[in-house]
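**Student:** Numbering (this note's numbering), first residue to last: 17 to 254.
Glycine included, each C-beta is placed from N, C-alpha and C at the ideal position.
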Amino acid sequence: MQFATSPEEIHELVDGLNFKEKVDRSLALISDAYEEYGEGLVVANSLGKDSVVVWDLAKRVDPAIRGFIVTTRFKPAATKTFMNDVVARYPETRVFKNDAEVPEALYATDPDQCCDLLKVQPVRQAIEEMDVSCWVTGLRCTEGRTRTDYLEVEERDEGLLKLNPVLLWHEREIWQYIALRQVPVNPLYGEGYRSLGCEPCTKVSTGANERDGRWIGTSKCGGECGIHTRPLKTVAAG
């Protein structure tokens with residue numbers, strides 16, 4: 017299918033397509049990529065609302081599609097329980113975690129390094145061990161200030177395609193899909209969270225953007241852990 021090739025075109029489509037058109041487009045993007053990459057296409061499931069929608073879309077394309085989850089020692093108990101439920105239901109999902117020692121409260125003194133060690137490095141490991149050639153994410157361009165310049169199909173690492181099939185969706189459309197498809201979600205959303213991460217770095221926020229509750233009080237506030245901004249396959253390959 018024809019996908020958007022510029023941020024300007026992306027933002028025109030955000031409000032130019034209706035909900036059904038966006039669902040159909042997302043399914044087509046995943047289907048086309050799966051036809052090309054086969055087992056090399058793997059869904060990165062963050063266990064957030066956007067990821068569970070992408071996971072459901074992928075399973076509609078083909079139940080055999082694999083996924084991976086990156087967890088950390090700081091994930092909330094509710095997220096860990098939800099993760100275990102997902103893995104029990106979908107054993108084709110692998111979990112990756114960095115158990116190496118890190119300085120105490122590194123998340124407070126150097127959140128960038130903390131995220132690099134506990135999130136980015138396990139993603140690199142997942143991509144290498146699962147022989148990923150196309151990873152599928154739940155990125156949306158309407159989430160916050162740091163996610164406005166992504167495209168539906170990208171190659172930020174040579175030899176590693178990145179597919180963002182719900183990039184055009186509004187937050188309300190994510191919840192609409194979840195309701196219509198009865199997709200299970202992390203129970204923390206019921207407590208008022210709009211974006212979920214590690215417990216010390218995630219708060220219920222009154223900010224306008226979904227990610228305003230992430231890394232409050234640091235230079236990363238509302239920002240990125242690094243998974244979408246740092247090299248992945250290149251570093252994994254040495």
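Can you give the Cα-Cα distance for T164 and C157, rounded to whole angstroms?
**Tutor:** The straight-line gap from Cα to Cα measures roughly 5 angstroms.
**Student:** Anyone know if the C-beta pair for V139 and A74 falls short of 8 angstroms?
**Tutor:** no
**Student:** Between the alpha carbons of T181 and E55, how many angstroms are there, rounded?
**Tutor:** Thr is not the amino acid found at residue 181; the sequence shown has Pro there. Taking the straight line from one Cα to the other gives about 18 angstroms.
**Student:** In the DSSP output, what is W151 paired with across the bridge?
**Tutor:** V58 and K178
**Student:** Looking only at C-alpha atoms, which of E240, V39, E187 and D115 sits nearest to R76?
**Tutor:** V39
**Student:** Could you name the residues of the same chain whose beta carbon sits closer than 6 angstroms to that of T255, not counting the 5 residues immediately before and after it, in chain order?
**Tutor:** The first residue shown for the chain is 17 and the last is 254, placing residue 255 beyond what the model contains.
**Student:** Whose C-alpha, out of G229, S149 and A44, is nearest the C-alpha of P216?
**Tutor:** Comparing Cα-Cα distances from P216 to each of G229, S149 and A44, the minimum goes to G229.
**Student:** Quick one: Cα of E207 to Cα of G64, how far?
**Tutor:** 14 angstroms
**Student:** So, is V220 buried or exposed, given that buried needs 16 or more other C-beta atoms within 10 angstroms?
**Tutor:** exposed
**Student:** In whole angstroms, what separates the C-alpha of H244 from that of E159?
**Tutor:** 14 angstroms
**Student:** Given this structure, state the Cα-to-Cα distance separating K91 from R82, to the nearest angstrom.
**Tutor:** Distance between the alpha carbons of K91 and R82 is about 22 angstroms.
**Student:** Do you know whose CA, among L167, K96 and C131, lies nearest W185's CA?
**Tutor:** L167
**Student:** Please list the segments of the alpha helix (DSSP H) lying wholly inside the stretch 121-174, counting only runs of 4 or more residues, in order along the chain.
**Tutor:** 122-125, 127-131 and 137-145
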